Amino acid sequence: MTYRVAILGASGYTGAELVRLLATHPDLRIVALSADRKAGQSMAEVFPFLRHLDLPRLVKIDEIDFSGVDLCFCALPHATTQAVIAGLPRDLKIVDLSADFRLRDPAEYEKWYGQPHAAVEVQKEAVYGLTEFYREEIRKGRLVAGTGCNAATGQYALRPLIAAGVINLDDIVIDLKAGVSGAGRSLKENLLHAELSGGTHSYSAGGKHRHLGEFDQEFSKIAGRPVRVQFTPHLLPMNRGILATVYVKGDPNAVHATLATAYADEPFLKVLPFGALPSTRDIAGSNFCHIGVIGDRIPGRAVVVAVLDNLTKGSSGQAIQNANLMLGIEETTGLMLAPVFP
1 MTYRVAILGA SGYTGAELVR LLATHPDLRI VALSADRKAG QSMAEVFPFL RHLDLPRLVK
61 IDEIDFSGVD LCFCALPHAT TQAVIAGLPR DLKIVDLSAD FRLRDPAEYE KWYGQPHAAV
121 EVQKEAVYGL TEFYREEIRK GRLVAGTGCN AATGQYALRP LIAAGVINLD DIVIDLKAGV
181 SGAGRSLKEN LLHAELSGGT HSYSAGGKHR HLGEFDQEFS KIAGRPVRVQ FTPHLLPMNR
241 GILATVYVKG DPNAVHATLA TAYADEPFLK VLPFGALPST RDIAGSNFCH IGVIGDRIPG
301 RAVVVAVLDN LTKGSSGQAI QNANLMLGIE ETTGLMLAPV FP
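Residue numbers for the sequence shown follow full-length UniProt numbering, beginning at 1 and rising by one.
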């Protein structure tokens, strides 16, 4: 069976990544693409790398006939999606790639995003979209809220360790490096080539990054008590990729064994042999996450390094993985493409 899908916000990076991945998906067909400023244009005009595909023209959201759509991907900017989704048909399956439905508590949303939640009733039915840990809820869900790309990387490194009790929950440090596409496609002065290339910088340091809301929510839920991690992200002059170096107190061998056991049957999560560490080069353009563990020179401490592509496993690939589950399709369909190298 072929399912018909729409992409709202198709002129952004995650929208383009959705199109790239869906182009070879055997069971999903793109029937509608929306954009705001670029409505009326073709995807070939906006993204020349997609010019070989036969795609619908970009239109405004209110021009789409959703009666002919089985599932909708929302790749819209943060703080705009709540009102849009609240106005979509109630029987439409939705995978949202924004931050608007990730936090279950509306008060937490207001705390981290600086404005009241605009669709509280819809929030109640949203399922958190970290696929490997919410599969059953996602299968039955109507609205799935994709995770933050940084939040996904840190969670893959830490969730099994918190659940197994093999690390000190009061001493966790996440030092993360991210590619510039994670900041979106809008023009920003600090993302100009002359100001970004040749250097790197931390941002939202000191507990200010919004993805901390997801870490607090998910890690505290697993532990059954508040868990607060230290988290500092850094922007690197590369297009794609996230590398999270996570420092924990615990036996390195137990840390490695816990992660290897937890992910042994996961098609997209690969735990390296003890002592080996991954690179963002290993996963570029793919839906894979690679994780490595080493011991520290200080006894009783371990270092966990997790890498993924922020546009694929961190966003659009994750979204398709969730859509597959929601539509009863094999979870890996359309997503087993090998990483791009070099």
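Even glycine gets a Cβ: it sits at the ideal position worked out from N, Cα and C.
Predicted model, so just to flag it, every value in this text is computed and none were measured.
- DSSP places Tyr134 outside both helix and strand once states are collapsed to three, so it counts as coil.
- When rounded, the separation of the alpha-carbon atoms in Ala23 and Val31 is 12 Å.
- Contact between Pro160 and Ala302 is absent: CB atoms are separated by about 13 Å, not below the 8 Å threshold.
- Per the coordinates, the alpha-carbon of Ala35 lies some 39 Å from the alpha-carbon of Val227.
- Separation of Leu259 and Arg57 (C-alpha to C-alpha, rounded to the nearest whole angstrom) is 44 Å.
- Contact between Leu50 and Arg29 is ruled out by a C-beta separation of about 15 Å, above the 8 Å threshold.
- With the rule of 3 Cβ pairs closer than 8 Å, the stretch 167–185 counts as touching the stretch 231–249.
- The beta-carbon distance between Ala83 and Ala119, rounded to whole angstroms, is 7 Å. This is short enough to meet the 8 Å contact definition.
- Put simply, of Ala338, Phe66 and Gly328 the residue whose alpha carbon is nearest the alpha carbon of Glu137 is Gly328.
- Contact between His234 and His209 is ruled out by a C-beta separation of about 11 Å, above the 8 Å threshold.
- About 20 Å separates the CB atoms of Ala79 and Gly314; that is not less than 8 Å, and the two are not in contact.
- Asp62 sits in a helix when the DSSP states are folded into three classes.
- Contact annotation: Ala6 and Phe47 have beta-carbon atoms that are not nearer than 9 Å.
- Counting the other Cβ atoms within 10 Å of the Cβ of Val173 gives fewer than 16, which makes it exposed.
- Annotated three-state conformation of Val144 is strand, per DSSP.
- In terms of CA proximity to Val255, Val166 leads the group Val166, Lys60, Glu110 and Leu308.
- C-alpha of Lys140 to C-alpha of Met326: approximately 7 Å in a straight line.
- As the crow flies, the alpha-carbon of Ile298 is around 21 Å from that of Pro273.
- For His256, the enclosing alpha helix (DSSP H) begins and ends at Pro252 to Ala262.
- For Pro48, the secondary structure class from DSSP, reduced to helix, strand or coil, is helix.
- For Val227, there is no enclosing alpha helix (DSSP H), as DSSP marks it with neither H nor E.
- No Cβ-Cβ contact shorter than 9 Å links Thr131 with Asp100.
- For Asn310, the CB contacts under 7 Å within the same chain, skipping 5 residues up- and downstream, are Cys149, Ala178, Gly179, Ser181, Gly182, Arg240, Gly241 and Ile242 in chain order.
- CA-CA distance, His117 to Glu214, rounds to 16 Å.
- In this structure Ser316 is not in contact with Thr2, their Cβ atoms being roughly 20 Å apart against a cut-off of 8 Å.
- Taking all protein chains in view, the Cβ of Val248 is crowded by 16 or more other Cβ atoms within 10 Å, so the residue is classified as buried.
- Around the beta carbon of Phe219, a 10 Å sphere encloses 16 or more other beta carbons of the protein chains shown; the residue is thus reported as buried.
- For Arg20, the enclosing alpha helix (DSSP H) begins and ends at Tyr13 to Leu22.
- The Cβ atoms of Ile162 and Ile64 do not sit closer than 9 Å to each other.
- The beta carbons of Ile294 and Pro278 sit about 11 Å from each other, so the pair does not count as a contact at 8 Å.
- Shown here for Ala86: same chain residues with a beta carbon closer than 6 Å to its own, the five before and five after excluded, namely Ala119 and Val122 in chain order.
- When DSSP reads this structure, Asp96 sits in a beta bridge with Cys74 and Ala145.
- Boundaries of the beta strand (DSSP E) harbouring Ala244: Ile242 to Lys249, taken from the DSSP string.
- Secondary structure of Ile30 (DSSP, three-state): strand.
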